[in-house]
Structure formats: C-alpha cells, structure tokens
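First up is the structure itself, then whatever we jot down about it.
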Amino acid sequence: MTAILSNLQAVHSAIDRAAQLAQRDAAQITLLAVSKTVSAEVMRTAYSAGQTAFGENYLQEALDKMQALRDLPIEWHFIGPIQSNKTRAIAENFSWVHSVDRLKIAERLSAQRPPHLPPLNVCLQINVSNEDSKSGVAPQDAVAMAHAIAKLPHLKLRGLMAIPAPVENLPPDETLAAQRAPLALLRSLLQQINGGKPANISGMNLDTLSMGMSHDLEAAILEGATIVRIGTAIFGKRG
Ligand SMILES: *Cc1c(COP(=O)(O)O)cnc(C)c1O
C-alpha cells in the first residue's frame, strides 16, 4: 500500500522534472492513473493520496469498480478499444473516452449520452506509428474525422490520443529522440486542426494531447502532453 503512495510521489516528481525541462507549467499536465487489473481497494488507496482521475480499458471491470467505489467522486476515463455493443454503457458511465477511432462509434456515443449529463469528453485516437495492427485513425484522415466528430451534439471533442509503438533496442542516448518522433506528429496534427488547415476549414480549439505512458513520460511532456496515462509506474507490473 505504501508503495502506491511513494510511486505516486515519484511519478509526480518525474512530471515536474520533465515540465521544467520543457519550460512548461506542471499544473497543465494531468496525471491519469491507469488502473486496469488493479483492485478497487488499491484504487481507493491511490484516491486517498489525492489521485482523482482513473483510466480503464475493460468495460465490465470498470463497471464493477465504479460500483465498489461509488462513494468517491472519481473521474472515470475509458481508454481501451471500443466495440459497438459497449457504447451505451460507456456513454452512461464515463466522463472521458480517449480511444474514439471510428465515426460510427462517435455517433453512437453521442446518441447514447444521457441528456442530463454534460457532453462526453472525447479524444480521437491516431495511429501515429502507422502499424496495421494498431487501432487509431490514419494521420492523413485526422483533420476530416475531427471535424465530423466536432459536429456531434453530445460529445465535446477535446483533442488527440496516441499509443506509439514501443522503442526497443536503441542505445539510451537515441531512445528519447526516437520516442519523441511519433509524439511530435500527434502534436503537429493538433496544431493543424486548431489552425484550420488545410485551408478553408475553420480552426478548432482543442486543448488535449493524451500521450505518455510509464516508459515515455518524459518524451511526451517534452512534446506537449496534457494528459499522461500512467499504470505500471504507479501500480507496479501487471500480472
Ligand atoms: C495500459 C495502458 C496505459 C498505461 O501503460 P503503462 O505502461 O502501464 O504506464 C496507458 N494507455 C493505455 C491506452 C493503456 O492501455
């Protein structure tokens, strides 16, 4: 239990250090604790240490833990792959969805968001590593998709999300640059969307870059991450 507390402190220190390197205000970077496979009891410990935003990948697991933790005002983020038959429960129970990568899924989330709740915050997931196996919209389709999603009434498009392919087998002095490249692409796509490029489209005001995991936290903050999604560095290795 105390490990969780010291891990959380260490992650906050790492965020502060990277923000300082990037000459950014650390207060502009939100730590999302990724709690897939982590018990409700352990999440409660993290909450008592001040952690309020949690990211979940699996719907049923998340719903069970929401029930167990319903006495806490946790902000729940869905970050996993989304099947069509799960959109209603996601729209009803989460504040954020980071993993929107098809218009059909966005339309269902909007239609199924209960009207008494504020709009669902969403990020468009981009396949920045151009891997066939990875989910996410191709970078060249991001601008058009962002404009289509922004029209949906019960969603609030906040920005972009990516899970780059891990950088492996590079010497330490080349790893950071290799990690930064796909994250820089995500940042530049957000700038394009906000700047109204290509010409003739009005710019948007997206404020979120959801990028950075335990292994590439520093790279992500150097490239402008506003939400970092950290699991292992807080909760330990998943079994
Ligand atoms: C599991 C997961 C994370 C956290 O990864 P760690 O390496 O454990 O920090 C972040 N984002 C997504 C989408 C994940 O599935």
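Numbering (this note's numbering), first residue to last: 111 to 349. The beta-carbon is built from N, C-alpha and C at its ideal position, and this holds for glycine as well.
Listed as beta-bridge partners of Ala163 by DSSP are Glu185. Cβ contact annotation for Ser320 (same chain, cutoff 6 Å, sequence separation greater than five): His208, Cys233, Met271, Ile337, in chain order. Assignment of beta-bridge partners to Ser324 by DSSP yields no partner. If one requires a minimum length of 4 residues, the alpha helix (DSSP H) runs lying completely within the stretch 196–260 are 197–203, 213–222, 252–260, in chain order. The beta-carbon distance between Val247 and Leu295, rounded to whole angstroms, is 13 Å. This is too long to meet the 8 Å contact definition. For Arg339, the CB falls within less than 7 Å of some heavy atom of ligand 1. Per the DSSP secondary-structure output, Val338 pairs in a beta bridge with Leu141. Beyond the five residues adjoining it in sequence on each side, Glu217 comes within less than 7 Å, by CB distance, of Leu262 in the same chain, given in chain order. In the structure shown, Leu319 falls within a strand segment according to DSSP collapsed to helix, strand and coil. Relative to the Cα of Ala275, the nearest Cα in the group Met323, Ser298, Ala256, Gln302 belongs to Met323.
Between Ala291 and Asn117, the alpha-carbon positions lie close to 28 Å from each other. The DSSP-derived three-state label of Gly305 is helix. Arg154 carries a helical assignment under DSSP once its states are collapsed to helix, strand and coil. Taking 7 Å as the cut-off, one finds no heavy atom of ligand 1 near enough to the beta carbon of Thr140. At a cut-off of 7 Å, the beta-carbon of Gly306 does not count as near ligand 1: no heavy atom of the ligand is closer than that. Per DSSP, Met176 is one residue of the alpha helix (DSSP H) stretching across 169–178. Judged by pairs of C-beta atoms under 8 Å, the stretch 302–314 does not touch the stretch 112–127, as fewer than three such pairs exist. Residue range 112–131 is occupied by the alpha helix (DSSP H) that includes Arg127.
By the C-beta criterion, the stretch 210–225 is judged not to be in contact with the stretch 163–182, since fewer than 3 inter-stretch pairs fall below 8 Å. Exclusion of the five residues before and after Ala199 leaves Leu169, Leu173 as the residues of its chain whose Cβ lies within less than 7 Å of its Cβ.
Inter-segment contact for the stretch 176–187 and the stretch 146–158 is present: three or more beta-carbon pairs are separated by less than 8 Å.
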